[in-house]
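Read the structure below first, then the notes.
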Amino acid sequence: MTTLPYWRLSSFYLFYFALLGATAPFLALYFDHLGFSSARIGELVAIPMLMRCVAPNLWGWLGDYTGRRLAIVRFGAVCTLASFSLIFVSHTYAWLALVMALHAFFWHAVLPQFEVITLAHLQTQTARYSQVRLWGSIGFILTVVIMGRLFDWLSLDIYPVVVVVIMAGIIGASLWVPNAQPLVQGNRLAGEGFLKQLRSPGVLAFYACVALMQMSHGPYYTFLTLHLEQLGYSRGVIGLLWALGVVAEVLMFLAMSRILSRFSVRRVLLASFLLAALRWLLLGAFAEFFWVLLLAQVMHAATFGSFHAAAIAFVQRSFSDKQQGQGQALYAALAGTGGALGALYSGYSWNLLGPALTFSIASVAALAAAVIIGLRLHEQNQGTLQ
């Protein structure tokens, strides 16, 4: 690893996903603390996800056109902090909606471009991506455990301060990372435009399944903390349960290079979708049983870990060097679309249908993705997927 800036790349993932660890389990809890209904909470949580439908593609095109991906990452990190700091001005619904939209527009500019930079540093060692990315999982774990304990002791009023501190860490890490450009892959996919590549066998099906998978995560990311709190779990325990899921994810990332060398991307994705469908049923109907809850959280290894690593491999192998930014951005955008739909439907159905039926809808979405991937991706069409 003499030429790979391992710790610089890893530090960025650590702080970036520490921010996700501060928002995914606790943002809805904070809005609940401010007195908003479940429907309004769902809408506010959906807004940043909706921005993933627009922002990554805009910034992805700009990154591919200019080649200045690291500059975009740094600019996005600074603007994320500046725009989120507006949360200290007012706590009205309209103002918070503006803050959610504005900071997410810049936040979602960052990761797809940084993924391209990381893969450029890795060059032909893409199997080692998981070794770098696992530090993002570690950042998430540290954040959810610390914040879970913190909010058992202190008021949720300090929540925005903690988020701003983490955002400052993202800025610092981005300034430490050296730049890199994707290697030109000779004639690989030469002359073929991005839209033409989208029409390659299985590519559109893959992106549709990305949206369905993230839609299935809607109740999980929006209401799991509130769901468990209503079942009597303390915030400290809830933080540890979130951490358990990401520990399982880390272990999966460590194993992914071996897994992807033995199994096709199609098989890894199919297994991830099927396990996701089972996981949501367990969380919706049996979360009061602690051992079932532990099992469901361990399954995060599949519903995010193996799914994300396989998805990154799919995108990296399906597009040329000059299309990488757009390919990663479309992945983020479709994930945002699905995540926003998931947050919205769960916000409206949580009180109306209850947790069990809301998570059942999530299970159906994951199962639909499994059916699509099983029918539309075939082993003989996977020259780029092995």
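Quick note on the working numbering: the sequence shown kicks off at 1 and runs consecutively.
Every residue gets a Cβ at the ideal spot worked out from N, C-alpha and C, and that includes glycine.
Environment of residue i [buried if 16+ CB atoms lie within 10 Å]
| i | result |
| --- | --- |
| aspartate 152 | exposed |
| tyrosine 30 | buried |
| arginine 235 | buried |
| valine 401 | Only positions 1 to 386 of the chain appear in the structure, and residue 401 is not among them; the question remains open. |
| alanine 287 | buried |
| leucine 375 | exposed |
| tryptophan 95 | exposed |
| tryptophan 350 | buried |
| asparagine 57 | buried |
| tyrosine 159 | buried |
| glycine 35 | exposed |
| leucine 281 | buried |
| arginine 258 | exposed |
| leucine 119 | buried |
| leucine 352 | exposed |
| leucine 154 | exposed |
| glutamine 316 | buried |
| threonine 3 | exposed |
| glutamine 214 | buried |
| glycine 193 | exposed |
| arginine 267 | buried |
| serine 388 | For residue 388 there is no data in the structure shown, the boundaries of the chain being 1 and 386. |
| arginine 262 | exposed |
| leucine 212 | buried |
| leucine 195 | exposed |
Cβ pair residue i, residue j closer than 7 Å
| i | j | result |
| --- | --- | --- |
| alanine 76 | phenylalanine 106 | The residue you asked about is not alanine; residue 76 is glycine in the sequence shown. Yes; because the gap between Cβ atoms is below 7 Å, this pair is in contact. |
| alanine 46 | alanine 340 | yes |
| arginine 279 | methionine 256 | no |
| alanine 104 | proline 48 | yes |
| alanine 333 | cysteine 53 | yes |
| serine 318 | valine 145 | no |
| arginine 68 | tryptophan 176 | no |
| histidine 227 | proline 112 | no |
| phenylalanine 314 | glutamate 249 | no |
| leucine 70 | asparagine 179 | yes |
| alanine 109 | alanine 55 | yes |
| glycine 342 | isoleucine 238 | no |
| isoleucine 373 | leucine 294 | no |
| proline 182 | phenylalanine 359 | no |
| serine 216 | alanine 335 | no |
| leucine 241 | glutamine 297 | yes |
| glycine 273 | alanine 365 | Going by the sequence as given, residue 273 is phenylalanine instead of glycine. Their beta carbons are not under 7 Å apart, which means phenylalanine 273 does not touch alanine 365 by this criterion. |
Selected residue, minimal CA-CA separation from residue i, among the options
| i | options | result |
| --- | --- | --- |
| glutamine 324 | Phe263, Gln123, Asp32 | Gln123 |
| alanine 306 | Leu134, Trp291, Lys196, Trp176 | What sits at residue 306 in the sequence shown is serine, not alanine. Closest by alpha carbon: Leu134. |
| threonine 23 | Phe223, Tyr207, Phe273 | Phe223 |
| glycine 232 | Phe290, Tyr65, Leu294, Val265 | Phe290 |
| alanine 101 | His91, Thr118, Ser83 | Ser83 |
| arginine 74 | Trp242, Thr303, Gly342, Ala168 | Ala168 |
| threonine 337 | Leu4, Tyr207, Leu156 | Tyr207 |
| alanine 28 | Leu156, Ala55, Val246, Leu260 | Leu156 |
| leucine 260 | Ser130, His91, Met147 | Ser130 |
| aspartate 32 | Leu4, Tyr93, Glu115, Gly284 | Tyr93 |
| phenylalanine 26 | Leu4, Ala173, Tyr221 | Tyr221 |
| alanine 329 | His91, Glu115, Ser11, Ser38 | Glu115 |
| serine 10 | Val132, Ile72, Asp64, His91 | Val132 |
| tyrosine 13 | Leu150, Ile170, Leu50 | Ile170 |
| valine 292 | Lys196, Phe253, Gly245 | Gly245 |
| leucine 251 | Leu142, Ala301, Ile72, Arg262 | Ala301 |
| threonine 66 | Val371, Leu377, Gln326 | Gln326 |
| valine 387 | Cys209, Leu283, Leu142, Gln230 | The chain is shown only over 1 to 386; residue 387 falls outside these bounds and no answer can be derived. |
Distance cut-off 6 Å: residue i Cβ against heavy atoms of the ligand GDP
| i | result |
| --- | --- |
| tyrosine 13 | This structure does not include the ligand GDP; it has no bound ligands of any sort. |
Residue-chain proximity (residue i, chain C), Cβ-Cβ < 7 Å
| i | result |
| --- | --- |
| methionine 299 | Annotation note: the requested chain C is absent from the structure, which comprises a single protein chain. |
Counting Cβ pairs closer than 8 Å, one from the region 126-144 and one from the region 8-24, do we hit at least three?
yes
So, do the region 62-81 and the region 336-353 have three or more beta carbon pairs nearer to each other than 8 Å?
no
Determine contact between the region 25-42 and the region 307-314, defined as no fewer than three beta-carbon pairs at a distance below 8 Å.
no
Report yes or no: do the region 80-93 and the region 161-181 share at least 3 C-beta pairs separated by less than 8 Å?
yes
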